[in-house]
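The structure appears right after this line, and notes come after that.
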Amino acid sequence: MFYKEVFKINTIHLNDVSKRIKKEYVLRNINLTFNEGCIYGLHGINGSGKTMLLRAISGLIKPTEGTVSINEKILHKDIDFPESIGVLIETPDFWRNYTAIEVLSSLGRIKKIVSEDDIINALNRVGLEPRDKRTIKKFSLGMKQRLGIAQAIMEKPKILLLDEPTNALDKSGISLIEEIIKEESSRGTIIIIASHNTHDLSNCDSLIEIENGYII
Amino acid sequence: MIYLYNRKKRIAIILSGIALGFFINYIFPLGAKDYDHQFLLTFGYIGFRDYPLLIITFTKWIMPQILIVYFMGNYFEESILTNLNMILSRTNKVKKLLMYSSINIFIITVIYCISLFVGSAIYSLIILGDFSISVEIIQQMFVMMLYLYLVLLLINNISIIIKPAHAVFVVFLIEVVIFILIKLSFDGFLNIASLHWFIPLRVLFYYNEKFCINNEPTGFLIILAIVIIFYLGSRIVEKRDVL
Chain F
1 MFYKEVFKIN TIHLNDVSKR IKKEYVLRNI NLTFNEGCIY GLHGINGSGK TMLLRAISGL
61 IKPTEGTVSI NEKILHKDID FPESIGVLIE TPDFWRNYTA IEVLSSLGRI KKIVSEDDII
121 NALNRVGLEP RDKRTIKKFS LGMKQRLGIA QAIMEKPKIL LLDEPTNALD KSGISLIEEI
181 IKEESSRGTI IIIASHNTHD LSNCDSLIEI ENGYII
Chain X
1 MIYLYNRKKR IAIILSGIAL GFFINYIFPL GAKDYDHQFL LTFGYIGFRD YPLLIITFTK
61 WIMPQILIVY FMGNYFEESI LTNLNMILSR TNKVKKLLMY SSINIFIITV IYCISLFVGS
121 AIYSLIILGD FSISVEIIQQ MFVMMLYLYL VLLLINNISI IIKPAHAVFV VFLIEVVIFI
181 LIKLSFDGFL NIASLHWFIP LRVLFYYNEK FCINNEPTGF LIILAIVIIF YLGSRIVEKR
241 DVL
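Taken in sequence, the protein lines are chains F and X.
Residue 149 in the numbering used here sits at position 149 of the first sequence; the count goes up by one each step and never skips.
Residue 226 in the numbering used here sits at position 226 of the second sequence; the count goes up by one each step and never skips.
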């Protein structure tokens, strides 16, 4: 415990996590541990429970049974949400009348740990032009996806959850994302990528298969 | 915190508020003598005597609500709910988050109400040649402002659970039902003599051809309702799953 506090080693531990929504189990008895610096791939078909698992880790849903702990702090008991997390769950909508830089600035104002340079850097990393005056309503799906990734990485989180990160991206976009994932991992970030496509998970250190809410 | 800054929308709210304040008097003149009287007839009078009068006065009363709800009825959804996972991954201070958004709605409501009153004053100056304003009317304006805010806050908080369009329908339906009950009471079909005194709406109309202005308890009731709605809204966001 003392060692972990001093050196701040990141771990996520899921202990017998189940989630029931409208009498139906979407996650069942999940026991997993995620360690820092590793890239985890979560593979399963549509509706298998990948996104729900990411939501449970990010604190967006409360497990019906079991616990999720981040660095030994139990979610919804010791903390409401992980302290340092970047999340991309499905392609976000954003604020339609804002430009990309305004969206990131607005989100950045919540925690106040990113500078304008960090925001510009995040946009450059995902291949978006920071000076682009177009508002989000004029963005293509791929551009929204890139912006979603930019908002997830801009605060240099210790945990990065990416749900179908290559959705709607072209080849160059996919290469950029693969590069970003490698860079983030080298910082010691725990990265969990959920995808139905095994090709997206080819660079993962560990592959987790999920089906009907069970880890198989 | 999240603050949706949209200059075009704000200008649209101001201009349409002024236009509505002017034209609502122009289209439905009810024979006001001065600005005070005109204000009460426009924003504070529901005539229960007969149905044509009821429809006209109710229309005048509900139009300002419809307009502001059109602009701000989906504010929570637009600013917070559609991006909740990105926001909640950055803060767990849900109450603070909703409070900021609620303050934004209040600021817009104040701007809108001032625009409405200005529009109405322009009409009064041009047609009646009068713009005298009493303390009672300023109190009435304040209560109307609070009431519009209550409606907006209620719609936005209900939109945490259901779609904003459905929330608008629910709130307007409640208002219409209240007016039907008062009309039935007025016509003697319902024996709920005190009904109009227990509904916060009552201050904004007059009853039995007598002005029913009792702003202090009504203002207090509305503020109490605002606090309760705010508390319940933040509890729902805190407890609910973000799917």
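Don't be surprised by glycine CBs; every beta carbon is placed ideally from N, CA and C.
*Can you find a CB in chain X that lies within less than 8 Å of the CB of arginine 55/F?*
Taking a beta-carbon distance threshold of 8 Å, arginine 55/F counts as an interface residue toward chain X.
*Contact check, glutamine 140/X vs phenylalanine 39/X under 8 Å by CB: the rounded distance?*
Rounded, the Cβ-Cβ distance is 7 Å, consistent with contact.
_Span of the beta strand (DSSP E) around isoleucine 46/X_ = Where isoleucine 46/X is concerned, there is no enclosing beta strand (DSSP E), given that its DSSP letter is neither H nor E.
*Determine the DSSP secondary structure at arginine 20/F, reduced to helix, strand or coil.*
Arginine 20/F falls in the strand class under three-state DSSP.
*Pairwise C-alpha distance: lysine 137/F and isoleucine 119/F*: If you draw a straight line from the Cα of isoleucine 119/F to the Cα of lysine 137/F, it comes to about 20 Å.
*For glycine 41/F, which option in Glu102/F, Ile191/F and Glu65/F has the closest C-alpha, if you only look at C-alpha atoms?*
Looking at the Cα atoms, Ile191/F is the closest of the given residues.
*Mind checking the segment 75-95 of chain F against chain X and listing, in chain order, the residues whose C-beta falls within less than 9 Å of any C-beta there?*
Correct list: Ile79, Asp80, Phe81, Pro82, Ile85, Gly86, Val87, Leu88, Ile89, Glu90, Pro92, Asp93, Phe94 and Trp95.
*Would you list, in chain order, the members of the segment 114-145 of chain F that have their beta-carbon closer than 8 Å to a beta-carbon of chain X?*
For the segment 114-145 of chain F, the set of residues with a beta-carbon nearer than 8 Å to any beta-carbon of chain X is empty.
*So with Cβ pairs under 8 Å, would you call asparagine 167/F a contact of chain X?*
Interface annotation, asparagine 167/F: not in contact with chain X, CB-CB separation never under 8 Å.
*My guess is that isoleucine 87/X and leucine 97/X are in contact by the Cβ rule of under 8 Å, so how many angstroms apart are they, rounded?*
Contact holds; Cβ gap of about 7 Å.
*Using 10 angstroms around the beta-carbon of leucine 125/X, count the other beta-carbons present and answer buried if the total reaches 16, otherwise exposed.*
Of the residues assessed, leucine 125/X falls on the exposed side of the cut-off, its CB having fewer than 16 other CB atoms within 10 angstroms.
*List the endpoints of the continuous alpha helix (DSSP H) containing aspartate 117/F.*
Element bounds for aspartate 117/F: 116-125.
*With a cut-off of 8 Å, does the C-beta of methionine 144/X fall near any C-beta of chain F?*
Interface with chain F (8 Å Cβ-Cβ cutoff): methionine 144/X is excluded.
*asked:* Which residue wins for smallest C-alpha separation from serine 79/X, given the options Ile161/X, Ser101/X, Ala167/X and Ile133/X?
replied: If we check each option's Cα against that of serine 79/X, Ser101/X comes out closest.
*With glycine 148/F as the anchor, note down where its alpha helix (DSSP H) starts and where it stops.*
Per DSSP, the continuous alpha helix (DSSP H) segment holding glycine 148/F begins and ends at 141-153.
*asked:* If I follow the unbroken beta strand (DSSP E) through leucine 162/F, where does it start and stop?
replied: It spans 159-163 - the beta strand (DSSP E) in which leucine 162/F sits, taken as one unbroken run.
*What residues from chain F crowd round serine 102/X, counting only those whose CB sits closer than 9 Å?*
Among the residues of chain F, none has a CB under 9 Å from the CB of serine 102/X; the nearest is roughly 17 Å distant.
*Under 8 Å by Cβ, that's how I've got asparagine 160/F and isoleucine 153/F pegged, so tell me the actual separation to the nearest angstrom.*
The amino acid at residue 160/F is misidentified as asparagine; the sequence shows leucine. Between isoleucine 153/F and leucine 160/F the Cβ distance is about 7 Å, and since that is below 8 Å, they are a contact.
_Beta-ladder partner(s) of glycine 86/F, from DSSP_ = DSSP output for glycine 86/F lists Leu160/F as bridge partner(s).
*Going along the chain, which unbroken runs of the alpha helix (DSSP H) with 4 or more residues stay wholly within the segment 125-174 of chain X?*
Counting only unbroken stretches of 4 or more residues, the alpha helix (DSSP H) elements lying wholly within the segment 125-174 of chain X are 135-158, in sequence order.
*When burial is assigned at 16 or more other CB atoms within 10 Å of the CB, is phenylalanine 220/X buried or exposed?*
That one is exposed.
*DSSP on lysine 182/F, reduced to helix/strand/coil?*
Correct three-state label for lysine 182/F: helix.
*Enumerate in chain order the residues of its own chain whose CB-to-CB distance from leucine 27/F is below 7 Å, with the five nearest sequence positions on each side excluded.*
Once the five neighbours on either side are set aside, the close Cβ partners of leucine 27/F are Val17, Ser18, Lys19, Gly49, Met52, Leu53, Ala56 and Gly213.
*asked:* If we define contact as Cβ-Cβ less than 8 Å, is phenylalanine 7/F a contact residue for chain X?
replied: Residue placement at phenylalanine 7/F is poorly supported in this model, since its pLDDT is 49, which falls under 50; the coordinates still yield a value, given next. At least 8 Å separates the CB of phenylalanine 7/F from every CB of chain X.
*Delimiting residues of the beta strand (DSSP E) encompassing glutamate 65/F*: For glutamate 65/F, the enclosing beta strand (DSSP E) stretches over residues 65-70.
*Along the chain, where does the beta strand (DSSP E) that runs through leucine 207/F open and close?*
Where leucine 207/F is concerned, the enclosing beta strand (DSSP E) stretches over 206-211.
*Three-state secondary structure (DSSP) at histidine 199/F?*
Histidine 199/F: helix per DSSP, three-state reduction.
*asked:* Along the segment 105-121 of chain X, where does the CB come closer than 7 Å to a CB of chain F? Name the residues.
replied: So the list is empty, because no residue satisfies the distance condition.
*Confirm, please, whether the CB-CB distance from leucine 243/X to asparagine 157/X is below 8 Å.*
No. Outside cutoff.
*Does DSSP put proline 73/F in a helix, in a strand, or in coil?*
Reading the sequence as shown, one finds lysine at residue 73/F and not proline. Lysine 73/F falls in the strand class under three-state DSSP.
*Could you check what DSSP says for leucine 204/X in three-state terms: helix, strand or coil?*
Residue placement at leucine 204/X is poorly supported in this model, since its pLDDT is 48, which falls under 50; the coordinates are not used for a value here.
_With H, G and I counted as helix, E and B as strand and the rest as coil, what does DSSP make of arginine 28/F?_
DSSP places arginine 28/F in the strand class (E or B) of the three-state scheme.
*Give a yes or no on whether the minimum CB-CB distance between isoleucine 18/X and chain F is below 8 Å.*
Not an interface residue.
_Interface positions of the segment 40-66 of chain F facing chain X (Cβ-Cβ less than 8 Å), listed along the chain_ = Along the segment 40-66 of chain F, the positions whose C-beta sits under 8 Å from a C-beta of chain X are Arg55, Ser58, Gly59, Leu60, Ile61 and Lys62, read in chain order.
*Might you give, ordered along the chain, the residues of its own chain that have their beta carbon closer than 8 Å to the beta carbon of isoleucine 149/F, omitting 5 neighbours on each side?*
If we look at isoleucine 149/F and ignore the five residues flanking it on each side, its Cβ neighbours are Leu88, Val126, Leu162, Pro165, Ile177 and Ile180.
*Tell me whether asparagine 85/X sits in a helix, a strand or coil according to DSSP, three-state version.*
If DSSP states are grouped into helix, strand and coil, asparagine 85/X belongs with the helices.
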